[in-house]
Each structure stands twice: as C-alpha cells, then as structure tokens.
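Presented below is the structure to which this report refers.
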Amino acid sequence: MTHPAPTEAASEDALDGIDAATRTELESAVFRRLVSHLRNRTDVQNIDLMNLAGFCRNCLSNWLKDAADEKGVALTKDASREAVYGMPYESWKRLHQAEATPEQQAAFAAKAPEAH
Numbered sequence: 016m017t018h019p020a021p022t023e024a025a026s027e028d029a030l031d032g033i034d035a036a037t038r039t040e041l042e043s044a045v046f047r048r049l050v051s052h053l054r055n056r057t058d059v060q061n062i063d064l065m066n067l068a069g070f071c072r073n074c075l076s077n078w079l080k081d082a083a084d085e086k087g088v089a090l091t092k093d094a095s096r097e098a099v100y101g102m103p104y105e106s107w108k109r110l111h112q113a114e115a116t117p118e119q120q121a122a123f124a125a126k127a128p129e130a131h
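In structure tokens:
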C-alpha cells in the first residue's frame, strides 16, 4: 500500500538554507530519534497515535518500505516493521498491544476516510 507523501506546507522553510547532504543527515537523525522514542513508549498504543496524530508505527514502517521501493532497495514489509518496532511485529503485538476500547475504535472509524 502506498501512502501519500507529506505535502509541502510552504515553498520555503527553516531548512532551505542548509545544503542537501546536511539536511538529509538532520532529517535522518530526527527519524532515528522518533523511532527510538516510539520503541521506548510501548505504553502508547498505535490506535491512540492514529486517533491523535493520524499516523502510527505501522505508517512509519510503510513509509520506510515505500521509500526503499522508490530507491530500488529490497526491503520486505516484515523487515520495515522490525526496523520501526525494534522486534518482529508479532512479538511487539503480543507483548505490548492492548485490545482497543469501543471508544478508541469509534474515534478511529470516524477518522478512517482521512488519508494517513
């Protein structure tokens, strides 16, 4: 499944004056820090991330796979999920995923048509 790329909020941003290589390094560091943060916050459920922010760990892993596909890099869905979760996805679900409450499910269903 291909997810839409983030849209440009404006034609200029605070990083426009930085050379492309440095910008890529900064953005890569931010991605690694976000992934590390989410690995440490196993108490935060994916459905809550989806309901509040419109993305979750699965979205990040799908975006990683999409980027790999665009560059011709072989990366399976399972490998991209493991890169984000820090373990096989099924293990993470077994250890950390709680059953979604009816309220969480209703909030998710209400926002389901939105692209993420």
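Following this note's numbering, the numbering of the sequence shown begins with 16 at its first residue and continues without gaps. Heads up, the beta-carbon is just placed ideally off N, CA and C, and yes, glycines get one too. None of these values were measured; they are calculated from a predicted model.
Endpoints, alpha helix (DSSP H) assigned at residue i
i   : result
L41 : 35-55
M65 : 61-68
Three-state secondary structure assigned by DSSP to residue i
i    : result
V88  : coil
F123 : helix
C74  : helix
E114 : coil
E27  : coil
D81  : helix
D93  : helix
M16  : Any answer about M16 is weak, because its pLDDT of 49 lies below 50 and its placement is not dependable; what the coordinates show is given next. Of the three classes helix, strand and coil, the one that applies to M16 here is coil, per DSSP.
Contact set for residue i: own chain, Cβ-Cβ below 6 Å, skip 5 residues either direction
i    : result
E97  : P103
A122 : N66
T57  : H111
L90  : K80, A83
L30  : R38
Q119 : I62
Own chain residues within Cβ distance below 8 Å of residue i, not counting five before or after
i    : result
A113 : Q60
S1   : This structure cannot settle anything about residue 1, because the visible part of the chain is limited to 16 through 131.
Same chain, Cβ closer than 7 Å to residue i, neighbours up to 5 away in sequence not counted
i   : result
K92 : K80
Buried versus exposed, by CB contacts within 10 Å (16 or more), residue i
i   : result
V99 : buried
L2  : With the chain covering only 16 through 131, there is no way to say anything about residue 2.
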